[in-house]
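This note's numbering applies: residue 266 is where the sequence shown begins, and numbers increase by one.
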Amino acid sequence: MGRPKNRRKPQEARWRLPQINWRALALLLGLPAVIAAGALAAAYVLDQPIETVSVAGRFQRVTPGDVERVVKSEIHAAGLLSVDLAAVRRAIHRLPWVDAVSVQRAWPRGLDVLVIEQTAAARWGERGLLNTRGELFDSDERHIPAELAQLSGPAGKESLVAQRYLAAEGRLQQAGLRLAAVRLDARGAWELDLANGVTVRLGRRQVDERFEKFINTALKLVTQRGEDIAYV
């Protein structure tokens, strides 16, 4: 019989787990908590009580005292970081005659407020006021400047009438005339009252063309003899 052949046993594969750097892992897991804690601490330090309110603007109808009272009633006990600036702006904007508002933080414990008032371009109806964009910003104003032209028309047509007024007023001023009133009736017909008492009837159709015809043909006569003319 032959000698038995030597057979090697297959070696089993051995896997080594990678070494874990527990210190680095702890630092990595703890870093967000450290950052969050630092942010909270910084916010606590920076969120100081608001002590001063600076109000700027060119004031005729609104007073800085009114604005400051609104701000203080809106912020309550909020700090400089936690105060809702948008809510403060909205509260100020609800004051009559306020057109635009800017509110900014003033470190370390203040707010800077800039207020822009409305500019009244014309009257609307009996007590309404329109701004230069044709927006009705006050519907019950008791103290209306006498020099403002009076505009009237159907509800919702404020901007359209204001645009007609502003365009016509600019052309007439070049000739030394001023508009006293602009009317748009329910049928869509236009009338302009000049300050010298002459009424310009533009009708419903081709209004722009008729106004240009008035400027080119009748304006000189109206300027020279307005007291003798009732309407054109």
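Built from N, CA and C at the ideal position, the CB exists for glycine as well.
(request) Please state whether DSSP places tryptophan 432 in a helix, a strand or coil. (result) Taking the first residue of the sequence shown as position 1, residue 432 is located at position 167. For the record, residue 432 in the displayed sequence is alanine; it is not tryptophan. Of the three classes helix, strand and coil, the one that applies to alanine 432 here is helix, per DSSP.
(request) Return the chain-ordered list of same chain residues with a C-beta closer than 7 Å to the C-beta of methionine 266, the five sequence neighbours on each side being excluded. (result) One-based indexing of the sequence shown puts residue 266 at position 1. Any reading at methionine 266 must be qualified, since the residue scores a pLDDT of 49, below 50, and its modelled position is unreliable; the value itself is stated next. Its chain contains no residue whose beta carbon lies nearer than 7 Å to that of methionine 266 once the 5 sequence neighbours on both sides are disregarded.
(request) Measure the alpha-carbon distance for phenylalanine 476 versus aspartate 377 and round it to whole angstroms. (result) Position 211 of the sequence shown, counted from the start, is the residue given in the question as residue 476. Position 112 of the sequence shown, counted from the start, is the residue given in the question as residue 377. Distance from the CA atom of phenylalanine 476 to the CA atom of aspartate 377, rounded to whole angstroms, is 48 Å.
(request) Kindly list the residues whose CB is nearer than 8 Å to the CB of alanine 445, restricted to its own chain and excluding five residues on each side of it in sequence; keep chain order. (result) Along the sequence shown, read from residue 1 onward, the residue named residue 445 stands at position 180. The residues are Ala414, Gln415, Asp458, Leu459 and Ala460.
(message) Would threonine 397 and alanine 411 be called neighbours here (beta carbons separated by less than 8 Å)?
(response) Looking up residue 397 in the sequence shown gives position 132. Looking up residue 411 in the sequence shown gives position 146. In this structure, threonine 397 keeps its C-beta atom at 8 Å or more from the C-beta atom of alanine 411.
(message) Considering only the alpha carbon of each residue, which of Leu437, Glu406, Arg388 and Gln439 lies closest to serine 424?
(response) Within the sequence shown, numbered from 1, the residue matching residue 424 stands at position 159. The shortest C-alpha to C-alpha distance from serine 424 to any of Leu437, Glu406, Arg388 and Gln439 is the one to Arg388.
(message) Spatial neighbours of glutamine 325 within its chain, please: C-beta separation below 7 Å, excluding the five flanking residues on both sides.
(response) Here residue 325 corresponds to residue number 60 of the sequence shown, with the count starting at 1. Hits under 7 Å: Glu382.
(request) Return the CA-CA distance between alanine 433 and alanine 454, expressed in angstroms with no decimal places. (result) What you label residue 433 is simply residue 168 of the sequence shown in a count that begins at 1. What you label residue 454 is simply residue 189 of the sequence shown in a count that begins at 1. Going from the Cα of alanine 433 to the Cα of alanine 454 covers about 15 Å.
(request) With a 10 Å radius around its C-beta and 16 neighbouring C-beta atoms as the bar for buried, classify glycine 462 as buried or exposed. (result) Taking the sequence shown and counting its residues from 1, the one referred to as residue 462 is at position 197. Exposure of glycine 462 is indicated by the presence of fewer than 16 other C-beta atoms within 10 angstroms of its C-beta.
(message) Residues in the same chain with beta-carbon distance under 8 Å from tyrosine 496, minus the five sequence neighbours each way, listed in chain order, please.
(response) For the purposes of this step, residue 496 is identified with residue 231 of the sequence shown, where counting begins at 1. Excluding sequence positions up to five before and after tyrosine 496, its CB lies within less than 8 Å of the CB of Val463, Thr464, Val465 and Arg466, all in the same chain and listed in chain order.
(request) Provide the residue span of the beta strand (DSSP E) that contains serine 338, from first to last. (result) Your numbering for residue 338 matches position 73 in the sequence shown. Careful: serine 338 lies outside any beta strand (DSSP E), inside the alpha helix (DSSP H) at 329 to 340.
(message) Taking its Cβ as the centre, do 16 or more other Cβ atoms sit within 10 Å of glycine 418, making it buried, or is it exposed?
(response) Taking the first residue of the sequence shown as position 1, residue 418 is located at position 153. Counting Cβ neighbours within 10 Å, glycine 418 comes out buried, since at least 16 surround it.
(message) Please classify arginine 359 as buried or exposed, where buried requires at least 16 other C-beta atoms within 10 Å of its C-beta.
(response) Residue numbering aside, residue 359 sits at position 94 when the sequence shown is read from its first letter. Exposed: under 16 other Cβ atoms inside 10 Å.
(request) For aspartate 331, I'd like the list of residues in its chain whose CB is within less than 7 Å of its CB, leaving aside the five on either flank, ordered along the chain. (result) Looking up residue 331 in the sequence shown gives position 66. For aspartate 331, where only same-chain residues beyond five positions count, the Cβ hits under 7 Å are Leu360.
(request) Can you give me the Cβ contacts of lysine 422 inside the same chain, cut-off strictly under 7 Å, excluding the 5 residues immediately before and after it? (result) Taking the first residue of the sequence shown as 1, we reach residue 422 at position 157. Listed in chain order, the non-local C-beta contacts of lysine 422 below 7 Å within the same chain comprise Leu449, local neighbours out to five positions each way being set aside.
(request) Indicate the three-state DSSP secondary structure (helix, strand or coil) for threonine 482 in the structure shown. (result) Taking the first residue of the sequence shown as 1, we reach residue 482 at position 217. DSSP, reduced to helix, strand and coil, places threonine 482 within a helical segment of the structure shown.
(request) Decide if leucine 486 is buried, meaning its Cβ has at least 16 other Cβ atoms within 10 Å, or exposed. (result) Your numbering for residue 486 matches position 221 in the sequence shown. Within 10 angstroms of the beta-carbon of leucine 486 lie fewer than 16 other beta-carbons, which makes it exposed.
(request) Would you identify the three-state DSSP class for arginine 398, choosing helix, strand or coil? (result) By one-based count along the sequence shown, residue 398 stands at place 133. Arginine 398 falls in the coil class under three-state DSSP.
(request) Whole angstroms is fine: what's the gap from lysine 478's alpha carbon to glutamine 471's? (result) In the sequence shown, residue 478 corresponds to position 213, counting from 1. In the sequence shown, residue 471 corresponds to position 206, counting from 1. Computed Cα separation, rounded: 11 Å.
(message) Checking 8 Å against the spacing of the C-beta atoms, do valine 335 and isoleucine 357 come in under that value?
(response) Taking the sequence shown and counting its residues from 1, one reaches residue 335 at position 70. Taking the sequence shown and counting its residues from 1, one reaches residue 357 at position 92. Between valine 335 and isoleucine 357, the C-beta spacing is below 8 Å.
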